[in-house]
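Participant: Residue numbers (my numbering), protein chains in the order written: chain A, 275 to 571; chain B, 275 to 571. Below you will find the structure I want to go over with you.
Protein chains: 2
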Amino acid sequence: MTEPHAPLVPVLAVVGIGLIGGSFAAGLRRVGQVGTVLGVGRNPASLQRARELGLIDEVVTHEQAAARADVILLATPVGAMPGALKALAPVLRPGTLITDAGSTKVDVARLAQTLLGDKYLQFIPGHPIAGSEMTGPEAADPMLYHGRKVVLTPFEGTPGQDLHRLIRVWEACGGRVQLMDPAAHDRALASVSHVPHFLAAAYMAQVARSSDADARLNLAGTGFRDFTRIAAGSAEVWRDIFLSNREAVLHELDDFMSALQGLRATLEGDTDPAGLESQLEQAALARRFWGGRSGRT
Amino acid sequence: MTEPHAPLVPVLAVVGIGLIGGSFAAGLRRVGQVGTVLGVGRNPASLQRARELGLIDEVVTHEQAAARADVILLATPVGAMPGALKALAPVLRPGTLITDAGSTKVDVARLAQTLLGDKYLQFIPGHPIAGSEMTGPEAADPMLYHGRKVVLTPFEGTPGQDLHRLIRVWEACGGRVQLMDPAAHDRALASVSHVPHFLAAAYMAQVARSSDADARLNLAGTGFRDFTRIAAGSAEVWRDIFLSNREAVLHELDDFMSALQGLRATLEGDTDPAGLESQLEQAALARRFWGGRSGRT
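Structure follows, in structure tokens:
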């Protein structure tokens, strides 16, 4: 029987101690819901830094994490997950719950089924909708998930008590959990997260490649700053996201390009100022409505 | 002779008392460099609000402003400037300096030459690179121009003493003045200001029109928030900006669309993860470099 003050997660293992994994550990630590935090990773300097910052207590191997942890969070780019799952699978204890923080869910669910074999129901795919263009353990913030949506995409056979436990863990970090079908998650995220990043990156590269880039960037203001902020994110992370959600991203990109061509045609025609204003007004109203509803400006 | 403590602008007239005009008046007031502020505008409620907020001292007509002011700032959308210039022209005193805060400069320079006739050298086109998605006199902020670039595009014949006076006025508001050719200004702004707004608006409209818009917007996070913030701006203001800088905006849009097609092809090909990462990395480095140089993140 659990003692009254035992933490929700006696032993947590985090694979990939950067912004996402470090903030998860720090968030649980902040509310006293984690005992020991084990850190697993590829980069010794980063692990060392995470120890110095108090984000993790010990550096361990995948195998040690699989044998000791009650909950394992995979907070690596999606591209690094197959390696992690292969290493964890053979020694994974029954009762250990694995989850992840990857930005796509169909592919992660498939990976878990393929690589964990008959242990795949110990894996509950997840995606906290929070982040920053900052990376690394220094960027970890115990409040990162506070008030943020966290999507979980359980399998049909996921035991209810495991799901319930993971929900409590995320809620302890301040997250607001929402259950979704993995494909619906991926389509929605392609639209509101992956395409904006794709556009910001294409735009930033186009400006930077121009012959008078310096003169342009010298006049860039707050609008430019906000619009391009996401383009500063990790190229490795975003490469993995785009590739792993390729179909949905391409579909949304094409839909966006049609919309852009339409707005461009209205401007080029130059005979319909009211039509141009009306299209801009629809966008402005939609954005203000979202800002009001989400409590963000 | 001017008294030692006389303000730089004994009588200022601001045509259009919103965020831009109100902040200019408030900025000068803050450092004691303005005497009386006259307000001119189309919207009685807005003028009344500006008086209550202490942004202006009196509400006057264009004709009264032309007869009394030492400096006149046109802070209306570019589309409203012809009307303002026509009203000011017949009664404009010699020695009164007019400037504007419009986002395009070739067309404003042309308007001044056409509508002010032989008085056009009293007009020095200008563009403070500052703003916000907020509008109206309530949004006025005496620090809005602090540390911001202010572009002036004087005519060849602009008297040096007038230019010098206007530079001192903007510097009193905290602005950092830069002189430019109007066409070069318009090309640079098309790239770093107008195209981002166009893309954000087209994107926001595309998302809002989708059949599952609610589910999507429910998962939108901080990246979406930043990327779309400019889309909330005034549709009327941006319609005028796009139409008045139409050629440069279309040219930049086409250049962006080529870049986007290139990045999309790399993703669709799906055979070149390193190439995709390298393109994303170029964008990320360019954005981080700009952020570091501009002191903005």
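Using N, Cα and C, we set each Cβ at its ideal position, and we do this for glycine too.
Looking only at its own chain, which residues have a Cβ that is under 8 Å from the Cβ of glycine 448(B), when we skip the five neighbours before and after it?
Facilitator: Within the second sequence, residue 448(B) is the residue found at index 174, counting from 1. These residues qualify, in order along the chain: Gly301, Met417, Tyr419, His420, Gly421, Arg422.
Participant: What residues in the region 454-475 of chain B have a beta carbon less than 8 Å from any beta carbon of chain A?
Facilitator: Residues Ala458, His459, Arg461, Ala462, Leu463, Ser465, Val466, Ser467, Val469, Pro470, His471, Phe472, Leu473, Ala474, Ala475.
Participant: Taking the Cβ atom as the reference point for each residue, do histidine 459(B) and valine 424(B) lie within a distance shorter than 8 Å?
Facilitator: For the purposes of this step, residue 459(B) is taken as the residue at position 185 of the second sequence. For the purposes of this step, residue 424(B) is taken as the residue at position 150 of the second sequence. Result no, Cβ atoms of histidine 459(B) and valine 424(B) do not sit closer than 8 Å.
Participant: For phenylalanine 563(B), name the three-state secondary structure that DSSP assigns.
Facilitator: Here residue 563(B) refers to the residue found at position 289 when the second sequence is read from its first residue. The answer is helix: DSSP assigns phenylalanine 563(B) an H, G or I state.
Participant: Which residues, taken in chain order from the region 522-535 of chain A, show a beta carbon closer than 9 Å to some beta carbon of chain B?
Facilitator: For the region 522-535 of chain A, which is checked against every Cβ of chain B, the residues closer than 9 Å are Val523, Leu524, Glu526, Leu527, Asp528, Asp529, Phe530, Met531, Ser532, Ala533, Leu534, Gln535.
Participant: Here's a check: name, in chain order, each residue in its chain whose Cβ is nearer than 6 Å to the Cβ of isoleucine 403(A), leaving out the five neighbours to either side.
Facilitator: For the purposes of this step, residue 403(A) is identified with residue 129 of the first sequence, where counting begins at 1. Here the set comprises Arg422, Lys423.
Participant: Return the residue from the list Arg490(B), Leu312(B), Ala557(B) that minimises the CA-CA distance to serine 484(A).
Facilitator: Position 210 of the first sequence, counted from the start, is the residue given in the question as residue 484(A). For serine 484(A), the nearest C-alpha among the options comes from Ala557(B).
Participant: Going by the CB atoms, is the gap between valine 289(B) and glycine 315(B) shorter than 8 Å?
Facilitator: Mapped onto the second sequence, residue 315(B) falls at position 41. Mapped onto the second sequence, residue 289(B) falls at position 15. Closer than 8 Å, so yes.
Participant: What's the call for proline 399(B), buried or exposed, on a 16-neighbour Cβ count within 10 Å?
Facilitator: In the second sequence, the residue the question calls residue 399(B) occupies position 125. Proline 399(B) comes out buried.
Participant: Are three or more beta carbon pairs between the region 503-510 of chain B and the region 537-545 of chain A nearer than 8 Å?
Facilitator: Because the criterion of three Cβ pairs below 8 Å is not met, the region 503-510 of chain B and the region 537-545 of chain A do not touch.
Participant: Note the first and the last residue of the continuous alpha helix (DSSP H) segment covering glycine 391(B).
Facilitator: Taking the first residue of the second sequence as position 1, residue 391(B) is located at position 117. Per DSSP, glycine 391(B) belongs to no alpha helix (DSSP H) and is neither H nor E.
Participant: Could you list which residues in chain A have their beta carbon closer than 7 Å to that of lysine 423(B), in chain order?
Facilitator: Working through the second sequence from its first residue, we reach residue 423(B) at position 149. Residues of chain A passing the Cβ test: Leu493.
Participant: To test your reading of the DSSP string, which unbroken alpha helix (DSSP H) runs of 4 or more residues are found completely within the region 437-521 of chain A?
Facilitator: Whole alpha helix (DSSP H) segments, 4+ residues: 456-463, 469-483, 487-492, 496-502, 509-518.
Participant: Suppose you measure from the CA of glutamate 250(B) to the CA of leucine 437(B); what does that come to, to the nearest Å?
Facilitator: Since the displayed chain B opens at 275 and closes at 571, residue 250(B) lies outside it and no answer follows.
Participant: Given that glutamine 556(B) touches chain A, what residues does it touch there, using C-beta distances under 9 Å?
Facilitator: For this step, residue 556(B) is matched to residue 282 along the second sequence. The answer, in chain order, is Ala475, Met478, Ala479, Ala482, Arg483, Ala509.
Participant: On the DSSP letters alone, give me the boundaries of the alpha helix (DSSP H) that alanine 340(B) sits inside.
Facilitator: Taking the second sequence and counting its residues from 1, the one referred to as residue 340(B) is at position 66. That run of the alpha helix (DSSP H) goes 336-342.
Participant: Check each candidate in Leu493(A), Phe472(A), Leu312(A) and name the one with the smallest Cα separation from arginine 342(A).
Facilitator: Here residue 342(A) is taken as the residue at index 68 of the first sequence, counted from 1. Ranking the options by Cα distance to arginine 342(A), first place goes to Leu312(A).
Participant: Aspartate 486(A): which of Pro356(B), Thr496(B), Glu526(B) sits nearest, CA to CA?
Facilitator: Translated into the one-based positions of the first sequence, residue 486(A) becomes position 212. Closest by alpha carbon: Glu526(B).
Participant: Helix, strand or coil: how does DSSP classify threonine 540(B) here?
Facilitator: The count along the second sequence starts at 1 and reaches residue 540(B) at position 266. Three-state result, threonine 540(B): helix.
Participant: Is the separation between the beta-carbon of leucine 329(A) and that of proline 411(A) shorter than 8 Å?
Facilitator: As a first step, residue 329(A) is located in the first sequence; it is residue number 55 there, counting from the start. As a first step, residue 411(A) is located in the first sequence; it is residue number 137 there, counting from the start. In contact: leucine 329(A) and proline 411(A) (Cβ atoms closer than 8 Å).
Participant: Output the boundary residues of the beta strand (DSSP E) element that contains lysine 423(A).
Facilitator: To locate residue 423(A), count along the first sequence from 1; it is residue 149. Segment 423-426, the beta strand (DSSP E) holding lysine 423(A).
Participant: Is there a Cβ from chain A that is less than 8 Å from the Cβ of tryptophan 512(B)?
Facilitator: The residue you call residue 512(B) lines up with position 238 of the second sequence. True, the Cβ-Cβ gap to chain A drops below 8 Å.
Participant: Taking the beta carbon of aspartate 381(A) as the centre, do at least 16 other beta carbons fall within 10 Å, making it buried, or is it exposed?
Facilitator: To locate residue 381(A), count along the first sequence from 1; it is residue 107. The residue is buried, with at least 16 neighbouring Cβ atoms inside 10 Å.
Participant: So what's proline 402(A) in DSSP terms, helix, strand or just coil?
Facilitator: Sequence index remark: in the first sequence, residue 402(A) carries index 128 (1-based). In this structure, proline 402(A) counts as strand in the three-state DSSP scheme.
Participant: Under the rule that 16 or more other beta-carbon atoms within 10 Å means buried, what is threonine 276(B), buried or exposed?
Facilitator: In the second sequence, the residue the question calls residue 276(B) occupies position 2. Low confidence applies here, because threonine 276(B) scores a pLDDT of 48, under 50, leaving its location unreliable; read the following figure in that light. Answer is exposed; the Cβ neighbour count stays below 16.
Participant: Can you tell which of Gly431(A), Leu473(A), Ala280(A), Ala548(A) has its C-alpha closest to the C-alpha of aspartate 392(A)?
Facilitator: On the first sequence, position 118 is the one that residue 392(A) refers to. With distances taken between Cα atoms, aspartate 392(A) lies closest to Gly431(A).
Participant: Cβ closer than 7 Å: which chain B residues qualify as neighbours of glycine 565(A)?
Facilitator: Mapped onto the first sequence, residue 565(A) falls at position 291. Those are Ala506, listed as they occur along chain B.
Participant: Judging by CA-CA distance, which residue of Met408(A), Ala489(A), Asn519(A) is the nearest neighbour of alanine 457(A)?
Facilitator: The residue labelled residue 457(A) in the question sits at position 183 within the first sequence. It is Asn519(A).
Participant: Looking only at C-alpha atoms, which of Ile294(B), Val285(B), Ala533(B) sits nearest to glycine 306(B)?
Facilitator: Stepping through the second sequence from its first residue, residue 306(B) is reached at position 32. Checked all of Ile294(B), Val285(B), Ala533(B); the closest Cα to glycine 306(B) is Val285(B).
Participant: On the three-state DSSP scale, how would you describe leucine 329(B)?
Facilitator: Your numbering for residue 329(B) matches position 55 in the second sequence. Correct three-state label for leucine 329(B): coil.
Participant: From the beta carbon of leucine 293(A), is the nearest beta carbon of chain B less than 8 Å away?
Facilitator: For the purposes of this step, residue 293(A) is taken as the residue at position 19 of the first sequence. Cβ-Cβ to chain B under 8 Å: no for leucine 293(A).
Participant: When we look at the beta-carbon of glutamate 326(B) and count the other beta-carbons within 10 Å, is it buried (16 or more) or exposed?
Facilitator: Sequence index remark: in the second sequence, residue 326(B) carries index 52 (1-based). When all chains shown are included, glutamate 326(B) counts as exposed.
Participant: Below 8 Å on the Cβ atoms is my guess for alanine 340(B) versus leucine 362(B); work out the distance and round it to an integer in Å.
Facilitator: Taking the second sequence and counting its residues from 1, one reaches residue 340(B) at position 66. Taking the second sequence and counting its residues from 1, one reaches residue 362(B) at position 88. Alanine 340(B) to leucine 362(B), Cβ: 4 Å. Contact.
Participant: By the 7 Å beta-carbon criterion, what residues does the region 285-312 of chain A contribute toward chain B?
Facilitator: Under the 7 Å Cβ criterion, the region 285-312 of chain A contributes no residue.
Participant: With H, G and I counted as helix, E and B as strand and the rest as coil, what does DSSP make of alanine 280(B)?
Facilitator: By one-based count along the second sequence, residue 280(B) stands at place 6. If DSSP states are grouped into helix, strand and coil, alanine 280(B) belongs with coil.
Participant: Going along chain A in order, which residues have a C-beta closer than 8 Å to the C-beta of leucine 537(B)?
Facilitator: As a first step, residue 537(B) must be located in the second sequence, where it is residue number 263. The contacting residues are Phe472, Ala475, Ala476, Ala479.
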